[in-house]
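Note that the working numbering gives residue 154 to position 95 of the sequence shown, counting from 1, and the numbers run on in steps of one. Where a beta carbon is used, it is the ideal one built from N, C-alpha and C, also for glycine. All of these numbers come straight from a predicted model, not from anything done at the bench. For reference, the structure discussed in these notes is given below.
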Amino acid sequence: YTRVLLIEGVGYRAEQRGAGLQLALGYSHPIIFLPPQGVEIKVASPSRIEVSGIDKVLVGQVTAKIRSFRKPEPYKGKGVRYENEVVRRKAGKTAK
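Here you go:
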């Protein structure tokens with residue numbers, strides 16, 4: 060099973076670090092994530108992460124964990140989202 064995560068936002072990126080993953084998501088520090096046994100993480104591009112493995116539930120848990128580091132926000136859509144996820148956008152404050 061394979062799930063794809065997309066990263067949107069200026070300066071938000073992912074890097075492969077051995078078997079693990081290093082994420083720059085706008086925090087003061089990089090986030091280093093090591094996948095559990097049986098799950099493989101591949102960084103196709105700095106804004107695309109592919110998580111694959113035999114166990115469908117485990118792959119889903121890993122992708123949910125990575126997404127939880129920076130969920131997509133409704134104003135600009137910045138954050139980590141699933142490939143097929145639609146982020147509902149909100150209008151900003153209207154100026155007088």
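Practice item. Would you mind listing the alpha helix (DSSP H) stretches within the stretch 60 to 86 that are 4+ residues and don't spill past its ends, in chain order? Key: Fully contained in the stretch 60 to 86 is no alpha helix (DSSP H) run of length 4 or more.
Review point. Excluding the five sequence neighbours on either side, which residues of its own chain have a C-beta within less than 7 Å of the C-beta of E109, listed in chain order?
Key: Residue mapping note: residue 109 aligns to position 50 of the sequence shown, counting from 1. Only T61, V63, K101, A103 meet the Cβ criterion.
Check your understanding: Which partner residues does G106 have in the DSSP bridge list?
Key -> Translated into the one-based positions of the sequence shown, residue 106 becomes position 47. According to the sequence displayed, residue 106 carries Ser and not Gly. Beta-bridge pairing links S106 to no other residue.
Review point. How far does the alpha helix (DSSP H) with R148 in it reach, from first residue to last?
Key: In the sequence shown, residue 148 corresponds to position 89, counting from 1. Counting along the chain, R148 falls outside any alpha helix (DSSP H), and DSSP gives it neither H nor E.
**Study point:** Cut-off 7 Å between Cβ atoms - residues of its own chain near L115, not counting five sequence neighbours on either side
**Key:** Position 56 of the sequence shown, counted from the first residue, corresponds to residue 115. First, the amino acid is wrong: residue 115 is Lys here, not Leu. Within the same chain, K115 has close Cβ partners Y60.
Check your understanding: R76 and I90 look like a contact to me (Cβ under 8 Å); what is the Cβ gap, rounded to whole Å?
Key -> The sequence position of residue 76 within the sequence shown is 17, counting from 1. The sequence position of residue 90 within the sequence shown is 31, counting from 1. Not really, about 11 Å apart at Cβ, beyond 8 Å.
Check your understanding: With L117 and P95 assumed to form a contact (beta carbons below 8 Å), what rounded beta-carbon distance in angstroms separates them?
Key -> As a working mapping, residue 117 is identified with position 58 in the sequence shown. As a working mapping, residue 95 is identified with position 36 in the sequence shown. Going by Cβ atoms, the distance from L117 to P95 rounds to 7 Å, so yes, they are a contact pair.
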